[in-house]
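**Q** Below is the structure I would like to discuss, written out as structure tokens.
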Amino acid sequence: MAVAPRQRLTRDERYETILAAARTVFARHGYHRAGTAEIARAAGCSEPMLYKHFPSKQALFAAVLVDATAQLKERIHTMLDGCDKGLEQMVMMVGDLSHDPVMIEVSRLRMLAITLADDPVIKRALAQSVTEMRRRVVGSVAHMQEMGTARSDIDADQIGWLWLGFVLAAGFRMALEGPEVADQLPKIPQTLLALLQTNPQEVDG
Numbered sequence: 003m004a005v006a007p008r009q010r011l012t013r014d015e016r017y018e019t020i021l022a023a024a025r026t027v028f029a030r031h032g033y034h035r036a037g038t039a040e041i042a043r044a045a046g047c048s049e050p051m052l053y054k055h056f057p058s059k060q061a062l063f064a065a066v067l068v069d070a071t072a073q074l075k076e077r078i079h080t081m082l083d084g085c086d087k088g089l090e091q092m093v094m095m096v097g098d099l100s101h102d103p104v105m106i107e108v109s110r111l112r113m114l115a116i117t118l119a120d121d122p123v124i125k126r127a128l129a130q131s132v133t134e135m136r137r138r139v140v141g142s143v144a145h146m147q148e149m150g151t152a153r154s155d156i157d158a159d160q161i162g163w164l165w166l167g168f169v170l171a172a173g174f175r176m177a178l179e180g181p182e183v184a185d186q187l188p189k190i191p192q193t194l195l196a197l198l199q200t201n202p203q204e205v206d207g
């Protein structure tokens, strides 16, 4: 029986395949232990083909971080679509996100990127990865303050930084304690929300 020839990927398809393979390898092995040869094998292509799409390992890592963040952003926006409850809905969705594979990989990638921020390409990707998240939190807190459900003496911008701290702490705990700690992670943003609200209410994770 004749074997059908393998369909040739388009340039865009090859690009996406390399990104997906690299995200898994970087998240599993870290930046320095992840080799481009291994990534190319996982993507089903050669190293020269990989370098046709990405000029350097740093550029590949930066693209992976931006792409994974975009996927996570899309998921979060879907969860929050039509929601007008400020930070409360974001806190409520943390339970689901703590078990989300993309969220876990993005957390690991961000932690890796912090150690590589001397590279300007990776630094830009890291900034892009967290800016939108902080902006949404700050906007949500400001909305709550306008509605009178959040303390007016709290700086919304600082809450944005505290939320980023929670996200990094969650990734740190997952790395140290393993996936079984995921169910405990919502307690951190729940505590933050209780401190912020004018009339604190219990929030289910």
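All you need for the working numbering is the position in the sequence shown, starting with 1, plus 2.
We put the CB at the ideal spot given by N, CA and C, even for glycine.
Remember, predicted model here, so these are calculated numbers, not experimental data.
Report whether the distance from the Cβ of K59 to the nearest heavy atom of the ligand ZN is below 8 Å.
**A** No copy of the ligand ZN appears in this structure; indeed no ligand is present at all.
**Q** Check the C-beta distance from L197 over to M146 and give it rounded, since I have them as a contact under 8 Å.
**A** Translated into the one-based positions of the sequence shown, residue 197 becomes position 195. Translated into the one-based positions of the sequence shown, residue 146 becomes position 144. Wrong, their Cβ atoms sit about 13 Å apart, outside the cutoff.
**Q** In terms of DSSP beta bridges, what is Q60 paired with?
**A** Walking along the sequence shown from the start, residue 60 turns up at place 58. BP columns for Q60 are empty, so no partner.
**Q** Considering only the alpha carbon of each residue, which of G180, M176, Q192 lies closest to W165?
**A** Locating residue 165 in the sequence shown gives position 163, where the first residue counts as 1. That would be Q192, whose Cα lies nearest to the Cα of W165.
**Q** Roughly how many angstroms lie between the CA atoms of G162 and R137, to the nearest whole one?
**A** Here the question's residue 162 lines up with position 160 in the sequence shown. Here the question's residue 137 lines up with position 135 in the sequence shown. So the alpha carbons of these two residues sit roughly 7 Å apart.
**Q** Can you give the beta carbon distance from A61 to T19, rounded, assuming they're within the 8 Å contact cut?
**A** Your numbering for residue 61 matches position 59 in the sequence shown. Your numbering for residue 19 matches position 17 in the sequence shown. That pair is no contact at about 17 Å.
**Q** Tell me the rounded alpha-carbon separation between G32 and E148.
**A** If you number the sequence shown from 1, residue 32 lands on position 30. If you number the sequence shown from 1, residue 148 lands on position 146. Their Cα atoms are separated by approximately 43 Å.
**Q** Between L194 and R175, which are expected to be in contact by the criterion C-beta below 8 Å, what is the C-beta distance as a whole number of angstroms?
**A** Residue mapping note: residue 194 aligns to position 192 of the sequence shown, counting from 1. Residue mapping note: residue 175 aligns to position 173 of the sequence shown, counting from 1. Wrong, their Cβ atoms sit about 16 Å apart, outside the cutoff.
**Q** According to the Cβ coordinates, are A127 and A172 closer than 9 Å?
**A** On the sequence shown, residue 127 is found 125 positions in, with the first residue counted as 1. On the sequence shown, residue 172 is found 170 positions in, with the first residue counted as 1. No, they are not a contact pair.
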